[in-house]
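Written below as structure tokens is the structure these notes are about.
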Amino acid sequence: MRRSLLTFAAALLALSSAGPVSAQFKPIAIDKSPPTDTRENYMAWMKANRGESDKWLAQRWDRYVQVVRNKDLWSAEVKRAFLLTPREVFAAANPGVAQRGYEHAFLDMGYGVTMSGPHLQSRMTDTLGIKRGEKVLEIGTGSGTQAAILAQLTDKVYTIEIIAPLATRTRGIYDRAIASGYEEFKGINTRQADGYYGWAEAGPFDKIIVTCGIDHVPPELLKQLKTGGMMVIPVGPPGAQRVLKIVKQEAGGTITVTREDIYGGKIVPFVPFTKLVDGAIQGSHNR
Ligand SMILES: C[S@@+](CC[C@H](N)C(=O)[O-])C[C@H]1O[C@@H](n2cnc3c(N)ncnc32)[C@H](O)[C@@H]1O
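Heads up: take any position in the sequence shown, counting from 1, add 229, and you land on the working numbering.
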């Protein structure tokens, strides 16, 4: 009896050190939003309803104010998404930038890739006008931050990353975040593949966001976009893309595509849209 009690205690101990930790943060229901009138009210609400620390809430709020002031964020839905997304969780994957998740900067995430800055991510996301329940495809999971923002807007997020160990690392971040209480990330589906060919089995998509730069719009992505759907994509020569909003429409049985530069001509450099050849990354998809 004594021995079995001891064995039971040892098993419990092993489970608690190796197994998932109990939720540290509270899930926030889809119909609940933090106040946006003052920093104090936002922080108090988030502490009560999510349980995050003053340090990150203050940084998140301060960047939010700048992003709104700069007109990179305008809708109530994406403002809420910004204010609920813990960028620090994703920046932490690289100890060198762990404290910098709310800076107006691209951050080095290892593997030669960057986490896009909060201003750019906000503008690209708000341009898409994502509605709850819409299916959204992201090409270039990277740090995972962009898909985390999307997951605050819809429960059907699909994201593809070409670099295998990075895809695995970011999947692990989502899984740990879900276990710690960020339940909205359950809506994120991840895949390691060459995103040039999209995710046909999961499509068609209402919205597509591409976060690596290419000199043309991949035909398969256009095909997997619903009629009436929208894509934002950096298009142009290496390191000198323009971020385009592409809308696919149908008129009289003919598919047409409209293009609009969401920065009015400003160059925005992105990491290249690379290519998988026989399972290895080789060059880019530029023509
Ligand atoms: C600017 S970074 C990532 C930004 C990311 N959305 C974030 O929130 O951090 C672009 C990502 O696109 C990935 N990428 C490049 N070519 C790709 C391809 N053909 N398919 C999928 N992902 C690709 C890169 O490996 C990189 O992680």
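Backbone N, C-alpha and C define an ideal beta-carbon position, used for all residues, glycine too.
Problem - Residue(s) in a DSSP beta bridge with Gly494 - result: Its beta-bridge partners do not exist; DSSP assigns none.
Exercise for the section: Report yes if the C-beta distance between Asn515 and Phe499 is below 9 Å; otherwise report no. Expected result: no
Exercise for the section: Note down, in chain order, each residue of its chain lying with its Cβ closer than 7 Å to the Cβ of Gly373, except the 5 sequence neighbours on either side. Expected result: Phe319, Thr399, Ile402, Tyr403
Handout entry: Terminal residues of the alpha helix (DSSP H) in which Lys308 lies
Key = 305-313
Handout entry: the region 475-486 touching the region 455-462, judged by at least three CB pairs closer than 8 Å
Key = yes
Exercise for the section: Keeping to the same chain, check which residues put their C-beta closer than 6 Å to that of Gly341; ignore five residues upstream and five downstream. Expected result: none
Problem - DSSP-derived helix/strand/coil call for Asn270 - result: helix
Practice task
Please confirm whether Pro466 and Gln453 have their CB atoms less than 9 Å apart.
Solution key: no
Practice task
Count the CB pairs spanning the region 266-282 and the region 326-346 that are closer than 8 Å, and state whether there are at least three.
Solution key: no
Practice task
Jot down the residue ranges of each uninterrupted beta strand (DSSP E) in the region 354-398, minimum 3 residues, whole runs only, in chain order.
Solution key: 364-368, 385-390
Handout entry: the region 412-422 contacting the region 441-448, beta-carbon criterion three pairs below 8 Å
Key = no
Handout entry: Three-pair Cβ contact test at 8 Å for the region 357-372 versus the region 505-513
Key = no
Problem - Gln421, enclosing alpha helix (DSSP H) - first and last residue - result: Unbroken run through Gln421 is the beta strand (DSSP E), 417-421; no alpha helix (DSSP H).
Practice task
Return yes when the C-beta of Ile417 is under 8 Å from any heavy atom of ligand 1, and no when it is not.
Solution key: no
Problem - beta-carbon Thr314 near ligand 1 non-hydrogen atom, thresh 8 Å - result: no
Practice task
Measure the alpha-carbon distance for Ala393 versus Lys360 and round it to whole angstroms.
Solution key: 30 Å
Exercise for the section: Can you check DSSP and say which residues form a bridge with Arg471? Expected result: Val464
Practice task
Please work out which residues of its chain come closer than 8 Å, Cβ to Cβ, to Gln350, disregarding the five sequence neighbours upstream and downstream, and give them in chain order.
Solution key: Thr374, Gln375, Ile378
Problem - Unbroken stretches of the alpha helix (DSSP H), 4 residues or longer, contained in the region 320-358 - result: 347-357
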